[in-house]
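*Asks:* Protein chains in written order, with the working numbering: chain R, 77 to 859; chain U, 157 to 636. Glycine included, C-beta positions come from ideal geometry on N, C-alpha and C. Being a predicted model, the structure only gives us computed values, none of them experimental.
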């Protein structure tokens with residue numbers, strides 16, 4: 077640089093430090109349509125549009141596939157089937173099993189058979205419907221029970237064990253044996269799957285895509301094309317929602333578009349319409365919980381023997397880790413003196429299920445909460461009392477999980493007590509009893525449920541992150557890291573970290589698109605880890621530059637390093653004060669490097685899967701919610717009328733964003749447990765293929781009384797980024813309180829002495845069925 | 157030619173496909189990508205835009221789903237998208253409120269919410285929670301849980317200064333009126349795609365006679381799904397929205413005449429004035445965007461077995477005025493629904509209006525919509541009960557159900573049980589018991605056959621309890 081730019085001066089007040097309620101970095105662009113998503117990018121000249129043809133049977137051999145009509149359809153440029161893939165044909169992210177295009181047989185209704193590239197989106201979609209395929213159909217396992225009956229698994233089962241649960245249950249004063257179904261869930265990100273591949277020099281490819289895991293997209297595109305990863309660059313500025321649905325499930329569309337781009341030499345965009353997106357991409361795993369539990373007269377658990385069977389669909393995908401996480405959360409906040417927790421990875425001829433916020437944790441947690449509810453009914457107690465009695469505690473050697481991790485921060489009991497008081501749980505319990513006694517049709521229900529969620533990838537090597545920070549000669553900075561922005565506010569939080577490190581205004585820091593050519597080998601933005609990992613990596617990068625600046629300034633001005641500090645947009649150097657940008661310019665002309673990479677790996681974690689023992693989680697995040705519902709016992713309809721939440725985010729990096737995660741996670745979890753029902757036909761065809769038939773919560777489902785508090789004065793005891801805690805996934809499980817409150821309202825029909833059978837999701841139909849069951853049982857018990 | 161205002165720019169489109177969607181035109185032709193596609197079926201609201209009409213010198217703003225709106229129907233209107241709200245780098249109060257309340261996370265649904273809020277601001281003097289929820293019920297957000305968006309809907313009223321749309325309002329209205337005067341009826345043809353918008357019933361009859369294969373389009377909320385989901389290219393669309401007779405809404409000799417192209421939004425107030433219990437049903441029928449586009453005639457015309465208005469019309473004893481180039485006739489609505497999506501409409505014939513006998517003393521209407529989600533969901537069961545009570549005596553009765561058969565249908569056996577009986581629990585229970593004779597509902601993704609039958613029976617119990625009782629005591633949907 078020959079001449080220096082005008083140094084950016086600090087404003088009067090600095091905003092955007094860690095802990096402030098800063099708006100999302102893109103908020104102003106979201107609201108006026110400027111925020112650009114992949115499909116909004118101006119297409120390069122000559123861009124082709126790709127679409128996919130899907131199988132119409134759940135299980136079978138492809139006897140013949142005729143794509144000649146596809147090939148000759150108007151506007152069609154190219155059609156590919158499996159033999160046209162130059163490199164790897166399987167894009168399984170961990171284990172093989174996910175063919176990019178079907179080869180020989182199909183394993184679910186909606187599996188991708190071929191792809192077409194055409195001159196317009198409409199032409200590609202129309203052409204994709206023109207193939208003629210003959211199948212030899214094979215029997216299909218469409219349910220978890222069917223897969224279990226056939227011993228059909230995508231991965232071996234796994235067991236976590238402590239003591240002799242069978243003996244403890246047999247010896248307990250009371251025992252229960254039951255089964256409980258938990259439904260899956262469609263991610264329903266508003267922006268569907270989309271990739272734009274632009275071919276470049278040397279056979280390389282630039283991929284603009286909506287993915288939570290750019291590095292995996294890069295690897296798979298390279299493998300499918302048969303080229304080194306260094307020739308593939310993946311760029312992700314933002315996603316229009318992801319929720320786990322774009323962790324591995326974004327890869328296929330990028331890979332298909334890349335193959336077509338390579339073959340045609342043209343940029344190729346593949347965007348799934350909503351129906352195909354819902355049909356061809358994985359969802360949250362449905363689970364079957366089968367258990368025996370033993371407990372004393374007070375409802376104190378003595379032993380739990382539980383089998384958690386996850387419906388994985390046709391391939392392993394991430395199911396090993398997902399079922400593991402269900403098992404890791406089968407205790408929730410409760411000490412299990414003896415436990416036998418088995419996780420089965422059941423294969424079914426349905427789309428391969430995948431990550432979804434919570435990653436199996438919600439299913440494990442709901443399973444134990446259903447057990448608690450039954451224990452409460454069986455012992456005639458308020459479920460909250462049973463919950464509190466079973467909490468982990470520092471006393472009485474009740475602080476170790478069934479997989480050997482010690483619970484070190486005992487905040488769930490005080491957190492729950494705080495919420496019990498602020499929500500007026502006991503008074504409202506009395507009011508509700510009185511209301512229900514006086515109303516024959518509408519009934520109220522109340523429940524307060526806790527959450528303890530383990531934070532870290534359970535696959536140890538994923539717990540690392542990188543960042544790249546450039547400081548320019550006007551004092552402004554560009555920040556890049558391996559985490560992706562899907563709405564959670566990660567870019568904002570990490571920028572706040574950097575602004576805080578340098579004590580400069582947040583506007584100084586510009587977030588740039590996540591790219592594999594800036595930060596390599598990044599882990600997926602998943603497992604709630606985004607801020608924990610990338611925040612630390614960015615701080616490391618900032619610290620390196622700071623150290624160079626301090627060393628330089630100390631030498632240049634002849635002061636001790638200890639007398640230099642960054643404050644309010646300035647740098648105090650002994651007796652002098654220098655604007656931050658002026659120091660940067662001084663450093664530049666004195667040839668100090670103003671760019672640094674940062675790196676972080678999570679300490680302390682280890683897990684011996686053979687022994688099913690260790691410390692898989694760096695720490696736990698906690699929370700609790702108290703929900704009140706009103707149900708109609710004639711129709712099964714219901715409404716959440718009030719919720720109170722207290723949630724633990726440690727020392728919040730940004731309370732506004734954290735509350736957004738808590739509220740949004742809660743409502744999304746409520747959808748999972750109430751109106752969101754996936755329905756398949758007997759032929760394995762998904763019938764709920766759009767928002768007309770698959771009902772996520774709408775605005776009226778949000779209660780007028782929605783009281784959310786972040787647990788105050790409770791910094792993380794571990795040395796996380798500014799002692800904050802992860803917040804992406806844990807709040808989803810606060811919604812278990814809604815399911816439990818509906819169950820409580822139904823139970824009123826049996827005077828709270830009979831356990832309703834209420835599988836999840838508790839659709840109006842299931843609620844009415846449970847009401848009918850309770851009324852019948854109550855009549856029987858009275859006569 | 158399609159002649160309209162895009163924000164304040166007058167456009168005369170000669171070569172844009174009039175039968176394509178407004179959304180595709182915005183994104184693909186104009187490069188206005190702020191408006192998003194979330195579902196292309198009118199169910200998520202990500203593509204919400206606002207259209208303004210000139211009504212007696214004023215502007216009437218309405219939020220609509222651009223994905224199910226044919227481009228041709230913009231003729232004579234002003235189209236406003238999310239790109240048009242901010243001015244000179246300054247966010248519109250609606251946008252600023254969304255930023256200040258942290259109302260966006262991933263941002264993909266946000267333009268749609270902003271436009272729904274903008275339309276709400278233009279049509280409501282003050283923020284009120286229930287009305288806001290009604291305006292936002294057709295916009296799905298998967299990230300925020302909605303609380304901050306509702307808060308933004310309140311905050312956007314502060315400080316309440318006039319924006320540039322208000323300031324230019326009179327001028328915009330006169331420009332729109334000039335456009336409508338200049339080109340009252342539209343006839344746009346681009347390659348094989350032909351879009352006609354006649355302005356009188358006589359012309360409509362002739363157009364249909366001349367174009368036997370033409371499809372009638374009113375709001376497009378059902379028809380356009382054939383395009384966006386079924387990938388059908390419509391050759392000839394005939395738009396009903398500009399036909400004067402089809403916009404009629406008046407009382408004549410104790411009967412209410414509702415033109416077939418009157419939207420739900422436009423007839424809601426009148427219908428609820430006469431039959432207050434229809435308020436909840438109409439509020440829960442589709443979303444604000446759908447109600448702004450969808451019409452009573454369209455709901456009857458598509459003859460879907462799960463439409464919510466046919467049971468209402470059956471229960472009220474409505475008649476249809478049908479018309480074609482050959483003439484007019486009236487048909488009791490019972491005679492209209494023949495079989496699954498089969499109607500008594502003859503080729504070239506259209507519904508001109510729906511005639512409803514107004515209520516008399518002793519008439520009582522209860523309308524029950526049962527669905528998985530309370531807002532913007534298709535009914536598992538829709539039950540509409542009309543009784544004429546002479547004291548406690550049921551002197552006349554019509555009970556109609558949607559979602560229970562291949563057509564919207566009356567419960568004849570149950571009606572027979574009740575007719576001439578005293579309105580009491582045992583009579584209603586006996587009537588409910590006959591439903592199984594009249595209906596054999598199907599199981600689908602919305603509900604099982606058993607559930608449909610049980611709910612239909614239980615609604616007789618609700619009816620029994622409902623007399624003289626505040627609906628909030630019996631229905632969760634009525635709770636705030």
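1) How big is the Cα-Cα spacing for residue 462 (chain R) and residue 452 (chain R)?
2) Who are the near neighbours of residue 171 (chain U) in its chain, counting only those whose CB is closer than 7 Å to its CB and skipping five residues on each side?
3) Quick one: which residues of the region 689-712 of chain R get their C-beta closer than 8 Å to a C-beta of chain U? List them in chain order.
4) Could you check whether the region 237-247 of chain U touches the region 704-718 of chain R, counting it as contact only if at least three pairs of C-beta atoms, one from each stretch, sit closer than 8 Å?
5) Span of the alpha helix (DSSP H) holding residue 199 (chain R)?
6) Whole angstroms is fine: what's the gap from residue 453 (chain U)'s alpha carbon to residue 326 (chain R)'s?
7) With the cut-off set at 7 Å, would you say residue 428 (chain U) and residue 437 (chain U) are in Cβ contact?
8) When you compare the CB of residue 274 (chain R) with every CB in chain U, is at least one pair closer than 7 Å?
9) If you compare alpha carbons, which of R:469, R:692, R:699 and R:246 is closest to residue 480 (chain R)?
10) Check the Cβ-Cβ distances between residue 267 (chain U) and every residue of chain R, and say whether any is below 7 Å.
11) According to DSSP, simplified to helix, strand and coil, what is residue 666 (chain R)?
12) Where are the beta strand (DSSP E) runs, 3 residues long or more, that stay fully inside the region 201-280 of chain U, in chain order?
13) Below 8 Å on the Cβ atoms is my guess for residue 765 (chain R) versus residue 752 (chain R); work out the distance and round it to an integer in Å.
14) Counting only Cβ pairs nearer than 9 Å, list the residues of chain U close to residue 564 (chain R).
15) Let me know if residue 77 (chain R) comes out buried or exposed under the rule of 16 or more other beta-carbons within 10 Å of its beta-carbon.
16) According to DSSP, is residue 263 (chain R) part of a helix, a strand, or is it coil?
17) If you drop the 5 nearest sequence neighbours on each side, which residues of the same chain put their C-beta closer than 7 Å to that of residue 216 (chain U)?
18) Which chain R residues are close to residue 255 (chain U), counting only those with a beta carbon under 7 Å from its beta carbon?
19) Can you tell me which of U:621, U:260, U:382 and U:601 puts its alpha carbon nearest to the alpha carbon of residue 105 (chain R)?
20) Rounded to whole angstroms, how far is the Cβ of residue 775 (chain R) from the Cβ of residue 292 (chain U), which I believe are closer than 8 Å?
21) Could you name the residues of the region 791-810 of chain R whose beta carbon sits closer than 9 Å to any beta carbon of chain U, in the order they occur along the chain?
22) Residues bridged to residue 526 (chain R) by DSSP?
23) Residue 508 (chain U) to residue 476 (chain U), Cα distance in whole Å?
24) Using the rule of at least 16 other Cβ atoms within 10 Å of the residue's Cβ for burial, across every protein chain shown, is residue 407 (chain R) buried or exposed?
25) According to DSSP, is residue 854 (chain R) helix, strand or coil?
26) Mind checking residue 840 (chain R): buried by the 16 CB within 10 Å criterion, or exposed?
27) Taking the alpha-carbon positions, what's the residue 814 (chain R) to residue 703 (chain R) distance?
28) Does chain U have any CB closer than 7 Å to the CB of residue 350 (chain R)?
29) Under 7 Å, Cβ to Cβ, is there at least one residue of chain A near residue 618 (chain U)?
30) Answer yes or no: does any C-beta atom of chain U fall closer than 7 Å to that of residue 761 (chain R)?
31) Below 8 Å, can you find three or more Cβ-Cβ pairs linking the region 273-292 of chain R to the region 408-428 of chain R?
32) What are the start and end residues of the beta strand (DSSP E) that includes residue 579 (chain R)?
33) Following the continuous alpha helix (DSSP H) through residue 498 (chain R), name the residue where it begins and the one where it ends.
34) Report the residues of the region 519-530 of chain U with a CB closer than 9 Å to any CB of chain R, ordered along the chain.
35) Give me the Cβ distance between residue 575 (chain R) and residue 587 (chain R), rounded to the nearest whole Å; I'm assuming they're in contact under 8 Å.
36) Against residue 89 (chain R), what residues of chain U qualify as contacts under a CB-to-CB distance less than 9 Å, listed in chain order?
*Replies:* Working from what's here:
1) On the first chain, residue 462 (chain R) is found 386 positions in, with the first residue counted as 1. On the first chain, residue 452 (chain R) is found 376 positions in, with the first residue counted as 1. The straight-line gap from Cα to Cα measures roughly 6 Å.
2) Residue 171 (chain U) sits at position 15 when you count from the first residue of the second chain. Excluding sequence neighbours, residue 171 (chain U) sits near 346.
3) 706, 707, 708, 710, 711 and 712
4) no
5) The residue you call residue 199 (chain R) lines up with position 123 of the first chain. Segment 197-203, the alpha helix (DSSP H) holding residue 199 (chain R).
6) The residue you call residue 453 (chain U) lines up with position 297 of the second chain. The residue you call residue 326 (chain R) lines up with position 250 of the first chain. So the two alpha carbons sit approximately 43 Å from each other.
7) For the purposes of this step, residue 428 (chain U) is identified with residue 272 of the second chain, where counting begins at 1. For the purposes of this step, residue 437 (chain U) is identified with residue 281 of the second chain, where counting begins at 1. Cβ distance not < 7 Å, so residue 428 (chain U) and residue 437 (chain U) don't count as in contact.
8) Against the first chain, residue 274 (chain R) aligns to sequence position 198. It does not: the Cβ of residue 274 (chain R) has no partner Cβ on chain U nearer than 7 Å.
9) Working through the first chain from its first residue, we reach residue 480 (chain R) at position 404. Here the closest residue by C-alpha is R:692.
10) What you label residue 267 (chain U) is simply residue 111 of the second chain in a count that begins at 1. For residue 267 (chain U), the answer is yes, since a Cβ of chain R falls inside 7 Å of its Cβ.
11) Position 590 of the first chain, counted from the start, is the residue given in the question as residue 666 (chain R). Reduced to three states, the DSSP call for residue 666 (chain R) is coil.
12) 204-211, 214-221 and 234-236
13) Residue 765 (chain R) sits at position 689 when you count from the first residue of the first chain. Residue 752 (chain R) sits at position 676 when you count from the first residue of the first chain. With a Cβ gap of about 14 Å, residue 765 (chain R) and residue 752 (chain R) do not count as contacting.
14) Walking along the first chain from the start, residue 564 (chain R) turns up at place 488. The contacting residues are 261, 262 and 299.
15) Counting from one through the first chain, the residue named residue 77 (chain R) turns up at place 1. Looking at its Cβ environment, which holds fewer than 16 other Cβ atoms inside 10 Å, residue 77 (chain R) is exposed.
16) Residue 263 (chain R) sits at position 187 when you count from the first residue of the first chain. Three-state result, residue 263 (chain R): coil.
17) Counting from one through the second chain, the residue named residue 216 (chain U) turns up at place 60. Cβ within range, chain order: 208 and 209.
18) Here the question's residue 255 (chain U) lines up with position 99 in the second chain. Those are 99, 103, 104 and 107, listed as they occur along chain R.
19) To locate residue 105 (chain R), count along the first chain from 1; it is residue 29. Of the listed residues, the one whose Cα sits closest to residue 105 (chain R) is U:260.
20) Against the first chain, residue 775 (chain R) aligns to sequence position 699. Against the second chain, residue 292 (chain U) aligns to sequence position 136. About 4 Å; that satisfies the 8 Å criterion.
21) none
22) Locating residue 526 (chain R) in the first chain gives position 450, counting from the first residue. BP columns for residue 526 (chain R) point to R:700.
23) In the second chain, residue 508 (chain U) corresponds to position 352, counting from 1. In the second chain, residue 476 (chain U) corresponds to position 320, counting from 1. Cα to Cα, the separation comes out at about 8 Å.
24) Position 331 of the first chain, counted from the first residue, corresponds to residue 407 (chain R). Per the 10 Å Cβ criterion, buried.
25) Sequence index remark: in the first chain, residue 854 (chain R) carries index 778 (1-based). Looking at residue 854 (chain R) - three-state DSSP - the assignment turns out to be helix.
26) Residue 840 (chain R) sits at position 764 when you count from the first residue of the first chain. The residue is buried, with at least 16 neighbouring Cβ atoms inside 10 Å.
27) Position 738 of the first chain holds residue 814 (chain R). Position 627 of the first chain holds residue 703 (chain R). Near 6 Å, if we compare the C-alpha coordinates of residue 703 (chain R) and residue 814 (chain R).
28) Locating residue 350 (chain R) in the first chain gives position 274, where the first residue counts as 1. So yes, residue 350 (chain R) belongs to the interface.
29) You won't find chain A in this structure, because its protein chains are R and U.
30) As a first step, residue 761 (chain R) is located in the first chain; it is residue number 685 there, counting from the start. No, residue 761 (chain R) lies away from the interface with chain U (no Cβ there is under 7 Å from its Cβ).
31) no
32) Reading the first chain from its first residue, position 503 is the one you call residue 579 (chain R). Counting along the chain, residue 579 (chain R) falls outside any beta strand (DSSP E), and DSSP gives it neither H nor E.
33) Position 422 of the first chain, counted from the start, is the residue given in the question as residue 498 (chain R). Residue 498 (chain R) -> alpha helix (DSSP H) spans 488-498.
34) 524, 526, 527, 528, 529 and 530
35) Numbered from its first residue, the first chain carries residue 575 (chain R) at position 499. Numbered from its first residue, the first chain carries residue 587 (chain R) at position 511. The pair is not a contact, with the Cβ atoms about 11 Å apart (cut-off 8 Å).
36) Locating residue 89 (chain R) in the first chain gives position 13, counting from the first residue. Under the 9 Å cutoff, chain U gives no residues; its nearest Cβ is about 18 Å from residue 89 (chain R).
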